[in-house]
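See structure below.
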Amino acid sequence: MDEEELVYHKKMTKKDWIQSTGISTFIKENEIVIDTLKQNLLEILQDSKNNYYDYKVWKVDDVQPNQEQNMFFTLKTTPEMLKDTSAILTIRSIYVPDVNQANYKVAEQEMEIVTSHDPNKMAVNDAWLNYRLVRFKKMKFKIRFQNNGEGPATNIKLNTLIPELFDKKTVKVLDMYPKVPFCPDNQEVKYSCLDTVFFKDSISFQFKNIYLPGSNQKNVHDRDSTKGFVKYSIKFNKDFHKVKSVSQTAIIFDKNPPIITNKSVVHFKPGLSVGVKAGYNYYFTGNESVNFERSVQNSTINTSARGYFLGATFSPYKSYKWYVQAEVMASKQQVEGKQYFEEIVDNGAVPYLYQNTNTMNIDKTLVDIVPVSVRYNINAIFGLGMGVNISNRILSTTKSTEEQKIYYYINGTQQDLIDTRSNNTTFKNNKLFLDNYGLFIDATAGASRIGPSVGVRYLQNFKETKKQLHLYAIWKF
-12 MDEEELVYHK KMTKKDWIQS TGISTFIKEN EIVIDTLKQN LLEILQDSKN
38 NYYDYKVWKV DDVQPNQEQN MFFTLKTTPE MLKDTSAILT IRSIYVPDVN
88 QANYKVAEQE MEIVTSHDPN KMAVNDAWLN YRLVRFKKMK FKIRFQNNGE
138 GPATNIKLNT LIPELFDKKT VKVLDMYPKV PFCPDNQEVK YSCLDTVFFK
188 DSISFQFKNI YLPGSNQKNV HDRDSTKGFV KYSIKFNKDF HKVKSVSQTA
238 IIFDKNPPII TNKSVVHFKP GLSVGVKAGY NYYFTGNESV NFERSVQNST
288 INTSARGYFL GATFSPYKSY KWYVQAEVMA SKQQVEGKQY FEEIVDNGAV
338 PYLYQNTNTM NIDKTLVDIV PVSVRYNINA IFGLGMGVNI SNRILSTTKS
388 TEEQKIYYYI NGTQQDLIDT RSNNTTFKNN KLFLDNYGLF IDATAGASRI
438 GPSVGVRYLQ NFKETKKQLH LYAIWKF
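Residue numbers (the numbering used here): -12 to 464.
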């Protein structure tokens, strides 16, 4: 809201406001929280900034004693807000004098997002919650109703569904209209009172022996007198899953059919869970790709590979069942290959036997990225997942050793050693390029949603080292 949208009027009284707008009051008097005197201005200002989405500051000058000034502003709702009319908007005003700032006052106002055809509804004070911070939070719900009949209602039942994540034992009625005392336990009375009856998955708020006129009743001109509400708070259970909760109320006026309200939905924000991951890569024998300089038809080649890694995972915080996860890991891979072959050379005099052994060691530094994986928690212990793995090589060192032994070869038999030759070479490559990519499936056991667990992953690559096992331990925070 810009300051240009404000209109200051020094002489408009409450009576003038009613006559000009046709509205009896801008803020219902029974919903206003009585102004309270706070002594720590900085603390209340910081609290307001932390708990409210936005704030504005205005300064009003030249105000005389006992002079009244009015400020008018408009809050515009979006079409999406009107579709889901189950939220309560809270506005806090802080009035600070220039002379003695310690005498500031605070006023709070709750306004429901409603439509003109929505007299019976259920609302919640906060529809989107941070799952990390809700364990000791009290949720506040408000059930609103109106008698649209041609006669008064004497008994009204509000049968409210309570989702499993809430503890029914912690329900506390904060406010109500009509204002009546609570009914005594196990005793029938003839005066007006409010009773609370607990069922397995619901609570019934019951107004007994009241007089709530109908909006179509003769000689009833004040429609507000035909309305009522119950406002209550409730705490979460000790153990509950990160799933949205749906509350709904059946409103019964005397013996009439129930009126079903809208669904009041509480969602949890996705949040962010960062995990630390470390483990070992096991490569199946014969899948490593080692390219020797010479390709000999009858040569024997043995290869092996091993590696280890350290990385991090990123996923929604403590997801219940399905969720997505991304990963980044720094890994070291060591590949070793040996090639052995023999050659017989006959130059027309004495034949020679050449025994050749070539050894190649490749050390790779890799960055493995899992851009997305889809995971499913079977329960609090076991989980499954599948996704895509992309391995990027950032550094590699190749060491090659060629060893050749020469023997006399007479009558098809190896004789004395004549000579030994060897050659060593080292090659480094620090260019970044795609080393490998593939698909994987895996399983975990431990604390599947948050905390420590271990896992095994089978990875099918499409380039080098085609098959590997990814053994790891992970701790999610």
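Here a beta-carbon is modelled for each residue, glycine too, at the ideal position from N, C-alpha and C.
Using the Cα positions of Gln174 and Gln312, report the straight-line distance between them to the nearest angstrom. Residue mapping note: residue 174 aligns to position 187 of the sequence shown, counting from 1. Residue mapping note: residue 312 aligns to position 325 of the sequence shown, counting from 1. Their Cα atoms are separated by approximately 57 Å.
CA-to-CA distance, Asn364 to Lys308, given in whole angstroms: The residue labelled residue 308 in the question sits at position 321 within the sequence shown. The residue labelled residue 364 in the question sits at position 377 within the sequence shown. Lys308 and Asn364: Cα-Cα distance of roughly 5 Å.
Roughly how many angstroms lie between the CA atoms of Tyr269 and Gln320, to the nearest whole one? Residue mapping note: residue 269 aligns to position 282 of the sequence shown, counting from 1. Residue mapping note: residue 320 aligns to position 333 of the sequence shown, counting from 1. So the alpha carbons of these two residues sit roughly 10 Å apart.
First and last residue of the beta strand (DSSP E) that includes Ser189? The count along the sequence shown starts at 1 and reaches residue 189 at position 202. Ser189 to Lys195 is the extent of the beta strand (DSSP E) around Ser189.
In chain order, what residues of the same chain have a beta carbon less than 6 Å from the beta carbon of Gln193, not counting five sequence neighbours either side? Counted from its first residue, the sequence shown places residue 193 at position 206. Excluding sequence neighbours, Gln193 sits near Lys144 and Asp182.
Backbone CA spacing between Phe186 and Thr236 [nearest angstrom]: Here residue 186 is taken as the residue at index 199 of the sequence shown, counted from 1. Here residue 236 is taken as the residue at index 249 of the sequence shown, counted from 1. Going from the Cα of Phe186 to the Cα of Thr236 covers about 14 Å.
Just to confirm, are Asn224 and Phe153 a CB contact at a threshold of 9 Å? Along the sequence shown, one-based indexing puts residue 224 at 237. Along the sequence shown, one-based indexing puts residue 153 at 166. Closer than 9 Å, so yes.
Beta-carbon spacing of Lys214, Asn134 below 9 Å: Here residue 214 is taken as the residue at index 227 of the sequence shown, counted from 1. Here residue 134 is taken as the residue at index 147 of the sequence shown, counted from 1. Yes, these two residues count as a Cβ contact at 9 Å.
Buried or exposed: which applies to Tyr310, given that a residue is buried once 16 or more other Cβ atoms fall within 10 Å of its Cβ? Your numbering for residue 310 matches position 323 in the sequence shown. Answer is buried; the Cβ neighbour count reaches 16.
Are Phe296 and Ala265 close, meaning C-beta to C-beta below 9 Å? Sequence index remark: in the sequence shown, residue 296 carries index 309 (1-based). Sequence index remark: in the sequence shown, residue 265 carries index 278 (1-based). A contact, by the Cβ cut-off of 9 Å.
Restricting to Cα atoms, I'd like to know which of Asp350, Asp211 and Ala89 is closest to Thr413. By one-based count along the sequence shown, residue 413 stands at place 426. Cα-wise, what sits closest to Thr413 is Asp350.
Name, in chain order, the residues that DSSP records as bridge partners for Gln162. In the sequence shown, residue 162 corresponds to position 175, counting from 1. It should be noted that the sequence gives Asp, not Gln, for residue 162. Asp162 pairs with Lys218.
Report the CB separation of Asn203 from Cys180 in whole angstroms; it is logged as a contact under 8 Å. In the sequence shown, residue 203 corresponds to position 216, counting from 1. In the sequence shown, residue 180 corresponds to position 193, counting from 1. That pair is no contact at about 27 Å.
Best match in Phe240, Met109, Lys155 and Phe123 for proximity to Val252 [C-alpha to C-alpha]: Working through the sequence shown from its first residue, we reach residue 252 at position 265. Cα-wise, what sits closest to Val252 is Met109.
Under the rule that 16 or more other beta-carbon atoms within 10 Å means buried, what is Met58, buried or exposed? Residue mapping note: residue 58 aligns to position 71 of the sequence shown, counting from 1. Met58 should be labelled exposed.
Which residue marks the beginning of the alpha helix (DSSP H) containing Asp34, and which one marks its end? The sequence position of residue 34 within the sequence shown is 47, counting from 1. Unbroken alpha helix (DSSP H) run through Asp34: Leu28 to Asn38.
Around the Cβ of Arg210, are there at least 16 other Cβ atoms within 10 angstroms (buried) or fewer (exposed)? What you label residue 210 is simply residue 223 of the sequence shown in a count that begins at 1. The residue is exposed, with fewer than 16 neighbouring Cβ atoms inside 10 Å.
Measure from the alpha carbon of Lys166 to the alpha carbon of each residue in Lys156, Gly370, Lys218 and Val184, then state which is nearest. The residue labelled residue 166 in the question sits at position 179 within the sequence shown. Lys166 has its Cα closest to that of Lys218, out of Lys156, Gly370, Lys218 and Val184.
At the level of alpha carbons, what is the spacing between Ile149 and Phe123? Counting from 1 along the sequence shown, the entry for residue 149 is found at position 162. Counting from 1 along the sequence shown, the entry for residue 123 is found at position 136. Each residue's Cα considered, the two are about 18 Å apart.
Using the Cα positions of Thr77 and Val83, report the straight-line distance between them to the nearest angstrom. Within the sequence shown, the letter at position 90 stands for residue 77. Within the sequence shown, the letter at position 96 stands for residue 83. Rounded to whole angstroms, Thr77 to Val83 spans 20 Å at the Cα level.
With burial defined as no fewer than 16 other Cβ atoms inside 10 Å of the residue's Cβ, what is the status of Ile397: buried or exposed? Within the sequence shown, numbered from 1, the residue matching residue 397 stands at position 410. So Ile397 counts as exposed.
My guess is that Ala434 and Gly442 are in contact by the Cβ rule of under 8 Å, so how many angstroms apart are they, rounded? In the sequence shown, residue 434 corresponds to position 447, counting from 1. In the sequence shown, residue 442 corresponds to position 455, counting from 1. That pair is no contact at about 12 Å.
Suppose contacts are defined by Cβ-Cβ distances below 9 Å. Is Gln56 in contact with Val47 by that definition? The count along the sequence shown starts at 1 and reaches residue 56 at position 69. The count along the sequence shown starts at 1 and reaches residue 47 at position 60. Contact: yes.
What does a CB cutoff of less than 6 Å around Gly136 pick up in its chain, not counting 5 residues either side in sequence? Position 149 of the sequence shown, counted from the first residue, corresponds to residue 136. Excluding sequence neighbours, Gly136 sits near Gly201.
Sequence-distant residues of its chain with Cβ nearer than 7 Å to Lys418 (five each side left out): What you label residue 418 is simply residue 431 of the sequence shown in a count that begins at 1. There are no such residues.
Pro338 to Gln326 span [Cα, whole Å]: Sequence index remark: in the sequence shown, residue 338 carries index 351 (1-based). Sequence index remark: in the sequence shown, residue 326 carries index 339 (1-based). Approximately 23 Å, taken between the alpha carbons.
Got a sec? Which residues, its chain only, sit under 7 Å from Phe449 by beta carbon, not counting five neighbours each side? Along the sequence shown, read from residue 1 onward, the residue named residue 449 stands at position 462. Correct list, in chain order: Tyr424 and Gly425.
State whether the region 255 to 264 contacts the region 158 to 165, with contact taken as three or more CB pairs (one from each stretch) at a distance under 8 Å. no
Quick check on the burial criterion: 16 or more other C-beta atoms within 10 angstroms. Buried or exposed for Lys177? Within the sequence shown, numbered from 1, the residue matching residue 177 stands at position 190. Lys177 is exposed by the Cβ-count criterion.
Please state whether DSSP places Leu353 in a helix, a strand or coil. On the sequence shown, position 366 is the one that residue 353 refers to. Looking at Leu353 - three-state DSSP - the assignment turns out to be strand.
Beta-carbon separation of Thr352 and Arg380 under 9 Å? Position 365 of the sequence shown, counting from 1, holds the residue named residue 352. Position 393 of the sequence shown, counting from 1, holds the residue named residue 380. It is a contact, given that the beta carbons lie within the stated cut-off.
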